[in-house]
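K.L.:
The following block contains the structure, expressed as structure tokens.
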Amino acid sequence: MTITSQQLLLVFTDLDGSLLDHATYDYTPAKRWLACLAQRSVPLIINTSKTAAEVMVLHQRLELEAPFIAENGASIHLPASWCLDETPDEHGWANIVLGESYRRIRSVLEAIRGTERFRFRGFGDFSIEEVAEHTGLEMHDAELAHVRDASEPLIWEDSEESLERFRLLLIGAGLSLTQGGRFYHVLGDNSGKGRAIAWLVDRYHLLKGQRPLTVGLGDGPNDVPMLESVDRAVLIRGEHDLSISIADTVNLYTTTQKGPAGWSEGLDHWLG
Numbered sequence: 013m014t015i016t017s018q019q020l021l022l023v024f025t026d027l028d029g030s031l032l033d034h035a036t037y038d039y040t041p042a043k044r045w046l047a048c049l050a051q052r053s054v055p056l057i058i059n060t061s062k063t064a065a066e067v068m069v070l071h072q073r074l075e076l077e078a079p080f081i082a083e084n085g086a087s088i089h090l091p092a093s094w095c096l097d098e099t100p101d102e103h104g105w106a107n108i109v110l111g112e113s114y115r116r117i118r119s120v121l122e123a124i125r126g127t128e129r130f131r132f133r134g135f136g137d138f139s140i141e142e143v144a145e146h147t148g149l150e151m152h153d154a155e156l157a158h159v160r161d162a163s164e165p166l167i168w169e170d171s172e173e174s175l176e177r178f179r180l181l182l183i184g185a186g187l188s189l190t191q192g193g194r195f196y197h198v199l200g201d202n203s204g205k206g207r208a209i210a211w212l213v214d215r216y217h218l219l220k221g222q223r224p225l226t227v228g229l230g231d232g233p234n235d236v237p238m239l240e241s242v243d244r245a246v247l248i249r250g251e252h253d254l255s256i257s258i259a260d261t262v263n264l265y266t267t268t269q270k271g272p273a274g275w276s277e278g279l280d281h282w283l284g
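See the structure below:
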């Protein structure tokens, strides 16, 4: 598949373990494709479990102009060029919240923990130092990870049987549980990486008058909704050996390399 001047294309990417190295957060092996996409004016849309505050730093470093999706699809951040009825803030961005507020998620978690005595810890229970310890982030970046709008990462410290009951209780409260590379994530059941992609594809269609072809790249179980929502998917070899099942294997490429090297390998396969 090649990019033509007539064909619109959107590329959606996870960060940790995908565009960014899982341990070092380096993206050097991906620079060739980053430059290529920029040269061809292909929007590169970050779709990550990270917070908007975290993503904005990388967004500026990479000199991206596209929207981005934060907190596993719980919120979409639009630059002014992608806005229709939305009013950008003083920095030129509009925030679309698809999920539940962080305050409500925390209140539900506290209520469940109080009645069921499940053993888990979320970012709301951690100090900044503990966030840094569990993520490998520097202190400043850990502070950004602590500023949440619509999802809660947590470490599950109880049994698998209790986890299933926990999941059902969340569903009853209008929330959902998804598994990432390091954490489980609790968010509103009307949000998610796949739904955020559908929202942005519809918006791009309205702006351009043509539906774009979509490519998605990710490495974790929480990336499955993204990979099943795009026209061409790249499952990057992960660090955790988690079993990941994708519905459409015809339009799926699984890499042999990890992290940003695997990211580039995937784009070589579909776009090279």
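Residue numbering for the sequence shown is 13 to 284, as defined by my numbering.
Cβ coordinates follow ideal geometry from the N, Cα and C atoms, glycine included.
1. What does the alpha-carbon distance come out to for the pair residue 98 and residue 117?
2. If residue 242 sits next to residue 24, beta carbons under 8 Å apart, how far is it from one beta carbon to the other, in whole angstroms?
3. What does the alpha-carbon distance come out to for the pair residue 240 and residue 64?
4. Could you check the C-alpha separation between residue 271 and residue 40 for me, to the nearest Å?
5. Taking the beta carbon of residue 199 as the centre, do at least 16 other beta carbons fall within 10 Å, making it buried, or is it exposed?
6. Less than 8 Å separating the beta-carbons of residue 248 and residue 230?
7. Do the segment 123 to 132 and the segment 218 to 225 touch if we need at least three Cβ pairs shorter than 8 Å?
8. According to DSSP, residue 188 sits in a beta bridge with which residue or residues?
9. Give me, in chain order, the residues of the same chain whose beta-carbon lies closer than 6 Å to that of residue 108; leave out the 5 immediate sequence neighbours on both sides.
10. Please classify residue 206 as buried or exposed, where buried requires at least 16 other C-beta atoms within 10 Å of its C-beta.
11. What did DSSP end up calling residue 33 once you bin it into helix, strand or coil?
12. In the DSSP assignment, what are the bridge partners of residue 105?
13. For residue 178, which three-state DSSP category applies?
14. Might you give, ordered along the chain, the residues of its own chain that have their beta carbon closer than 6 Å to the beta carbon of residue 216, omitting 5 neighbours on each side?
15. With a CB to CB cut of under 8 Å and the five nearest residues on each side skipped, what residues in its chain are close to residue 133?
16. Along the alpha helix (DSSP H) that carries residue 79, what are the first and last residues, could you check?
17. What residue range does the alpha helix (DSSP H) around residue 237 cover?
18. By Cβ distance below 8 Å, which residues in the same chain neighbour residue 161 in space, the five residues on each side in sequence not counted?
19. Does the beta-carbon distance from residue 233 to residue 204 come in below 8 Å?
20. From which residue to which residue does the beta strand (DSSP E) around residue 265 run?
21. To the nearest angstrom, how far is the alpha carbon of residue 8 from that of residue 58?
22. Is the beta carbon of residue 135 sitting closer than 8 Å to the one on residue 152?
23. Can a CB atom of chain C be found closer than 8 Å to the CB of residue 123?
24. Quick one: what does DSSP say residue 276 is sitting in, helix, strand or coil?
25. Residue 42 and residue 276 - do their beta-carbons sit closer together than 8 Å?
26. Here's a check: name, in chain order, each residue in its chain whose Cβ is nearer than 6 Å to the Cβ of residue 192, leaving out the five neighbours to either side.
P.N.:
So, from the data block:
1. In the sequence shown, counting from the first residue as 1, residue 98 sits at position 86. In the sequence shown, counting from the first residue as 1, residue 117 sits at position 105. Going by the C-alpha atoms only, they are around 25 Å apart.
2. Residue mapping note: residue 242 aligns to position 230 of the sequence shown, counting from 1. Residue mapping note: residue 24 aligns to position 12 of the sequence shown, counting from 1. Yes, they are in contact, since the Cβ atoms of residue 242 and residue 24 sit about 6 Å apart, within 8 Å.
3. Here residue 240 corresponds to residue number 228 of the sequence shown, with the count starting at 1. Here residue 64 corresponds to residue number 52 of the sequence shown, with the count starting at 1. The straight-line gap from Cα to Cα measures roughly 24 Å.
4. In the sequence shown, the residue the question calls residue 271 occupies position 259. In the sequence shown, the residue the question calls residue 40 occupies position 28. Cα-Cα distance, rounded: 10 Å.
5. Taking the sequence shown and counting its residues from 1, the one referred to as residue 199 is at position 187. Per the 10 Å Cβ criterion, buried.
6. Along the sequence shown, read from residue 1 onward, the residue named residue 248 stands at position 236. Along the sequence shown, read from residue 1 onward, the residue named residue 230 stands at position 218. Yes. Within cutoff.
7. no
8. Taking the sequence shown and counting its residues from 1, one reaches residue 188 at position 176. DSSP lists 199 as partners of residue 188.
9. Counting from one through the sequence shown, the residue named residue 108 turns up at place 96. Excluding residues within five positions, the ones whose Cβ falls inside 6 Å are 88.
10. For the purposes of this step, residue 206 is identified with residue 194 of the sequence shown, where counting begins at 1. Looking at its Cβ environment, which holds 16 or more other Cβ atoms inside 10 Å, residue 206 is buried.
11. One-based indexing of the sequence shown puts residue 33 at position 21. Coil, per DSSP.
12. Here residue 105 is taken as the residue at index 93 of the sequence shown, counted from 1. Per DSSP, 91.
13. For the purposes of this step, residue 178 is taken as residue 166 along the sequence shown, with counting starting at 1. It is helical.
14. Numbered from 1 along the sequence shown, position 204 holds the residue referred to as residue 216. Closer than 6 Å at the Cβ level, and outside the excluded window around residue 216, lie 224.
15. Working through the sequence shown from its first residue, we reach residue 133 at position 121. Once the five neighbours on either side are set aside, the close Cβ partners of residue 133 are 166, 167, 169.
16. In the sequence shown, the residue the question calls residue 79 occupies position 67. Per DSSP, residue 79 belongs to no alpha helix (DSSP H) and is neither H nor E.
17. Within the sequence shown, the letter at position 225 stands for residue 237. Start and end: 236 to 239.
18. One-based indexing of the sequence shown puts residue 161 at position 149. The residues are 63, 64, 82, 83, 86, 87, 107, 109, 113, 114.
19. The residue you call residue 233 lines up with position 221 of the sequence shown. The residue you call residue 204 lines up with position 192 of the sequence shown. Contact: no.
20. Position 253 of the sequence shown, counted from the start, is the residue given in the question as residue 265. Note, residue 265: beta strand (DSSP E), 264 to 270.
21. Shown here, the chain extends from 13 to 284; a query on residue 8 therefore has no answer.
22. Position 123 of the sequence shown, counted from the first residue, corresponds to residue 135. Position 140 of the sequence shown, counted from the first residue, corresponds to residue 152. Not a contact, by the Cβ cut-off of 8 Å.
23. Protein chain content of the structure displayed is limited to a single chain, and chain C is not contained in it.
24. Position 264 of the sequence shown, counted from the start, is the residue given in the question as residue 276. Residue state, collapsed to three classes: helix.
25. The count along the sequence shown starts at 1 and reaches residue 276 at position 264. The count along the sequence shown starts at 1 and reaches residue 42 at position 30. Against a cut-off of 8 Å, the Cβ pair of residue 42 and residue 276 comes out as a contact.
26. Here residue 192 refers to the residue found at position 180 when the sequence shown is read from its first residue. Closer than 6 Å at Cβ, skipping near neighbours: 61, 232, 234.
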